[in-house]
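Novice:
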Amino acid sequence: MLVAMKAVIPAAGWGVRFLPLTKEQPKEMLPVIDKPVIQYVVEEAVAAGIKDIIIVTGRHKRTIEDHFDRSFELESILRNGNRKALLDSISGLHELADLHYIRQHEQRGLGDAVYRARHHVGNEPFAVMLGDTIHVSEVPVVRQLMQVHARTGRTVIAAERVPREKVKDYGVLDAVRMEDRLYDIKDLVEKPRPEEAPSDLCIAGTYVLTPGIFECLERTEPGYNGEVQLTDALRLLREKEGLLAWEFVGKRYDIGDIPGWLSAQLELALKHPVYGERLRERIRELDREEHFL
Ligand code: G1P
191 MLVAMKAVIP
201 AAGWGVRFLP
211 LTKEQPKEML
221 PVIDKPVIQY
231 VVEEAVAAGI
241 KDIIIVTGRH
251 KRTIEDHFDR
261 SFELESILRN
271 GNRKALLDSI
281 SGLHELADLH
291 YIRQHEQRGL
301 GDAVYRARHH
311 VGNEPFAVML
321 GDTIHVSEVP
331 VVRQLMQVHA
341 RTGRTVIAAE
351 RVPREKVKDY
361 GVLDAVRMED
371 RLYDIKDLVE
381 KPRPEEAPSD
391 LCIAGTYVLT
401 PGIFECLERT
411 EPGYNGEVQL
421 TDALRLLREK
431 EGLLAWEFVG
441 KRYDIGDIPG
451 WLSAQLELAL
461 KHPVYGERLR
471 ERIRELDREE
481 HFL
């Protein structure tokens, strides 16, 4: 049986890789087709049975709270105009889950953002889902981790193989295969140079952590980029409790930079039941005109 779990969604970063777009707008609010990225993340948590979600925000992030709040005025305009589908798309957002917001006052890194949530999380295992990662999968990726945690009682990190030249953008695992998709982690390193990376198995942005992580975060000094890295705290947790990695089933879109965002938009739009065919037709037309493919 899966135990109920809270989720922490860190969404406090500057989003510098998207500037000038993210100067005043949180990167978690960037649109992917018709929804902001963070809505996909919240929906994945809800689909996994998570009802209590803590979003760690910061300055310039108020639109995240507004997005998941009610807009009576807009709802009444849509209701009076008989625009039911559009009304349905916004009217339930505030009750998707029990959403809480905590501010990270200084941008001290992902580890520090997770640490901000410690009082709300309490002494229980919890999920961490990065606010810029979308999955398409039959079983929500976070639920896959919850299942591994339920049978092992250990911290589990979603992992994914990436091309060698990309390991520099990720936390990278040194891990030994235990069974299909399941690995015992021996070491982890944040954003190594490709020649120093222990493997091509990377931390994919979803975690189920035991509460022991908070004490480890307290002992973690700023690391890569002068920030408190969750990866470094996980190294300490591994020494105490061991760590597992789960090579998840599904597809991940990393909305961490402009190329990642554009490809997610393109791929998901091409597969979209309403907009997909029109977009494919436009691409074929453009190719006939300009041979750009
Ligand atoms: C964070 C983590 C990194 C992980 C990545 C996944 O990095 O620190 O270990 O591999 O997310 O997207 P960020 O992308 O926030 O720099």
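Numbering (the working numbering) for the sequence shown: 191 to 483. Even for Gly, the Cβ is constructed at its ideal location relative to N, Cα and C. Since this is a predicted model, take the numbers as computed values, not measurements.
DSSP state of E487, grouped into three classes?
Specialist: For the chain, the structure presents residues 191 to 483; residue 487 sits outside this window and is missing.
Novice: Counting C-beta neighbours from all protein chains within 10 Å, is the total for H284 16 or more, i.e. buried, or is it exposed?
Specialist: The count along the sequence shown starts at 1 and reaches residue 284 at position 94. Exposed is the call here.
Novice: Please go through the same chain and pick out, in chain order, the residues whose beta-carbon is closer than 8 Å to the beta-carbon of Y465, but skip the five residues on each side of it.
Specialist: In the sequence shown, residue 465 corresponds to position 275, counting from 1. Cβ neighbours of Y465 beyond the five flanking positions: I223 and A459.
Novice: Roughly how many angstroms lie between the CA atoms of A238 and P463, to the nearest whole one?
Specialist: Position 48 of the sequence shown, counted from the first residue, corresponds to residue 238. Position 273 of the sequence shown, counted from the first residue, corresponds to residue 463. About 24 Å.
Novice: What residues match up with I484 in a beta bridge as DSSP calls it?
Specialist: Absent from the structure is residue 484, since the part of the chain shown begins at 191 and ends at 483.
Novice: Would the beta-carbon of G471 fall within 9 Å of that of Q297?
Specialist: Taking the first residue of the sequence shown as 1, we reach residue 471 at position 281. Taking the first residue of the sequence shown as 1, we reach residue 297 at position 107. Checking the sequence shown, residue 471 turns out to be Glu, not Gly. For E471 and Q297, no; Cβs fall outside 9 Å.
Novice: Tell me, which residues are paired with C392 by DSSP?
Specialist: Here residue 392 refers to the residue found at position 202 of the sequence shown. E350 and V362.
Novice: At a cut-off of 8 Å, would you count Y230 as near the ligand G1P, judging by its Cβ distance to the nearest heavy atom?
Specialist: As a working note, residue 230 is residue 40 in the sequence shown. Every heavy atom of the ligand G1P is 8 Å or more from the Cβ of Y230, so no.
Novice: Identify whether A383 lies in helix, strand or coil by the three-state DSSP scheme.
Specialist: Position 193 of the sequence shown, counted from the start, is the residue given in the question as residue 383. It should be pointed out that residue 383 corresponds to Arg in this sequence rather than to Ala. Reduced to three states, the DSSP call for R383 is coil.
Novice: Are E350 and A387 close, meaning C-beta to C-beta below 9 Å?
Specialist: Translated into positions along the sequence shown, residue 350 becomes position 160. Translated into positions along the sequence shown, residue 387 becomes position 197. Cβ atoms of E350 and A387: not closer than 9 Å.
Novice: Could you pull out every residue in the same chain whose Cβ sits closer than 6 Å to the Cβ of F438, ignoring the five residues on either side in sequence?
Specialist: On the sequence shown, residue 438 is found 248 positions in, with the first residue counted as 1. V331, Q334 and A348.
Novice: Can you name, in chain order, every residue of its own chain whose Cβ lies under 6 Å from the Cβ of G361, other than the five neighbours on each side?
Specialist: Stepping through the sequence shown from its first residue, residue 361 is reached at position 171. For G361, where only same-chain residues beyond five positions count, the Cβ hits under 6 Å are L378, E380, I393 and T421.
Novice: CB-CB under 7 Å to G402, same chain, minus the five flanking residues each way: which ones, in chain order?
Specialist: If you number the sequence shown from 1, residue 402 lands on position 212. Result list for G402: L427, K430 and E431, in chain order.
Novice: Would you say the stretch 238 to 251 touches the stretch 337 to 345, given that touching needs at least three Cβ pairs under 8 Å?
Specialist: Cβ pair count under 8 Å is below three, so no.
Novice: Does at least one heavy atom of the ligand G1P sit under 8 Å from the Cβ of C406?
Specialist: Taking the sequence shown and counting its residues from 1, the one referred to as residue 406 is at position 216. Flag unset: Cβ of C406 not near the ligand G1P.
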